[in-house]
Amino acid sequence: MVPFLVLAQQCAPTVAPQTMAAIVQVESGFNPYAIGVVGGRLVRQPVSLDEAITTAQSLEAKGWNFSLGIAQVNRYNLPKYGSTYAQAFDPCKNLKMGSKILEDCYRRAIVKMPGQEQGALRAAFSCYYAGNFTGGFKTKPGSPSYVQKVVASADVTTKPIAVVPMIRKTPDVAAAVAAPVKKRQPADRNSVLVDLHPSSQSMPATGVANAPVRLKTEQPATADAPLGKDNTDGVVVF
Numbered sequence: 001m002v003p004f005l006v007l008a009q010q011c012a013p014t015v016a017p018q019t020m021a022a023i024v025q026v027e028s029g030f031n032p033y034a035i036g037v038v039g040g041r042l043v044r045q046p047v048s049l050d051e052a053i054t055t056a057q058s059l060e061a062k063g064w065n066f067s068l069g070i071a072q073v074n075r076y077n078l079p080k081y082g083s084t085y086a087q088a089f090d091p092c093k094n095l096k097m098g099s100k101i102l103e104d105c106y107r108r109a110i111v112k113m114p115g116q117e118q119g120a121l122r123a124a125f126s127c128y129y130a131g132n133f134t135g136g137f138k139t140k141p142g143s144p145s146y147v148q149k150v151v152a153s154a155d156v157t158t159k160p161i162a163v164v165p166m167i168r169k170t171p172d173v174a175a176a177v178a179a180p181v182k183k184r185q186p187a188d189r190n191s192v193l194v195d196l197h198p199s200s201q202s203m204p205a206t207g208v209a210n211a212p213v214r215l216k217t218e219q220p221a222t223a224d225a226p227l228g229k230d231n232t233d234g235v236v237v238f
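Written out as C-alpha cells, the structure reads:
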C-alpha cells in the first residue's frame with residue numbers, strides 16, 4: 001500500500017498530485033478496476049484484476065466504448081501508450097497515461113489562453129473528459145458540470161512544482177459551483193492507500209462477488225467512439 005499522493009508524485013510527476021487526486025476521485029473514486037461504459041452501465045464493477053480484464057475484453061468484442069482504471073483512460077488511448085488491459089488496470093501505469101493526456105490538454109489550452117493558468121487548467125479538465133475544451137463545462141439538471149466536480153474535489157494545501165498546476169478555488173469559480181459535490185471518503189487524500197499489486201490480494205466477500213459483470217444497457221452506442229472522457233453516466237464506482 002502507498003499513499004495516493006506519493007503514488008501520484010512517482011507515477012505522474014508532471015501533474016500536481018492534488019490535481020491528479022481530484023480527477024481520480026471524480027473519475028473512479030480511487031478504484032483501480034473501475035470501468036465506465038459510454039452509453040451503458042455495468043450492473044456492478046469488477047472486483048479483481050482477472051475479472052476487470054475479462055470484462056474489458058468482452059466489452060471490446062461487443063463494440064462498446066469505455067474507459068478503465070483509476071484515472072479512467074479511454075480504451076482508444078491505450079495503443080498510443082503501448083498499453084494492454086492488464087497494464088491499464090495497474091494504478092501507476094494508469095496514472096502515467098492519464099497524466100500524459102491531461103498534460104497534453106493543458107499545453108494546448110494554455111496556448112489558447114496565455115497567462116490564464118487556472119482557466120487553461122479548467123479547459124484541460126474539459127478536454128480530459130470530453131476531448132474538447134467545452135464539453136466538460138456543460139451541466140445536467142440538478143448536477144454540476146464535470147469541471148465543477150473536479151474543482152470541488154480539489155485540495156489546495158500545498159504548492160508543488162509541476163508542469164500542470166494545482167487547482168485553485170478562485171472566488172468566481174466558487175460562486176459558479178451552485179451545487180457543491182459531496183466528497184467521497186476519505187477526504188484527506190494523504191490517507192488514501194492504493195494497492196500496487198491488487199491482484200495478489202484477496203478481495204472482500206460481497207453479495208455480488210460471484211455474479212457475472214454485465215451491462216444494464218443491451219445496445220452499444222452507435223456514434224463513433226470519442227477519444228475524450230464523456231462517460232460519466234457509465235461510471236459505477238464503489
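Quick note on UniProt numbering: the sequence shown kicks off at 1 and runs consecutively. Every residue, glycine too, gets a C-beta built ideally from N, C-alpha and C.
Between Ala34 and Asn74, the alpha-carbon positions lie close to 12 angstroms from each other. Going by beta carbons, Thr139 and Ser126 fall outside the 8 angstroms limit. Look at Val15 here: in three-state DSSP terms it is strand. By the Cβ neighbour-count rule, Lys96 is buried, with 16 or more other Cβ atoms within 10 Å of its own. Leu68 has its alpha-carbon roughly 12 angstroms from the corresponding atom of Phe30. Closest by C-alpha distance to Ala22, out of Gly98, Gly142, Val111 and Gln116, is Gly98. Take the alpha-carbon of Pro46 and the one of Arg108: they are about 35 angstroms apart. In the three-state DSSP reduction, Ile35 falls in the strand class (E or B). In this structure Ala123 does not touch Gln18 by the C-beta definition: roughly 18 angstroms separates them, more than the 8 angstroms allowed. Annotation: Glu51 to Pro141 spans about 34 angstroms, alpha carbon to alpha carbon. As DSSP reads the structure, Lys140 sits in a beta bridge with Ser143.
Around the beta carbon of Met1, a 10 Å sphere encloses fewer than 16 other beta carbons of the protein chains shown; the residue is thus reported as exposed. Distances from the alpha-carbon of Leu59 to those of Ile70, Leu49, Ala71 and Gly40 put Gly40 closest.
Comparing alpha-carbon positions, the option among Leu42, Val213 and Ala8 lying closest to Lys100 turns out to be Ala8.
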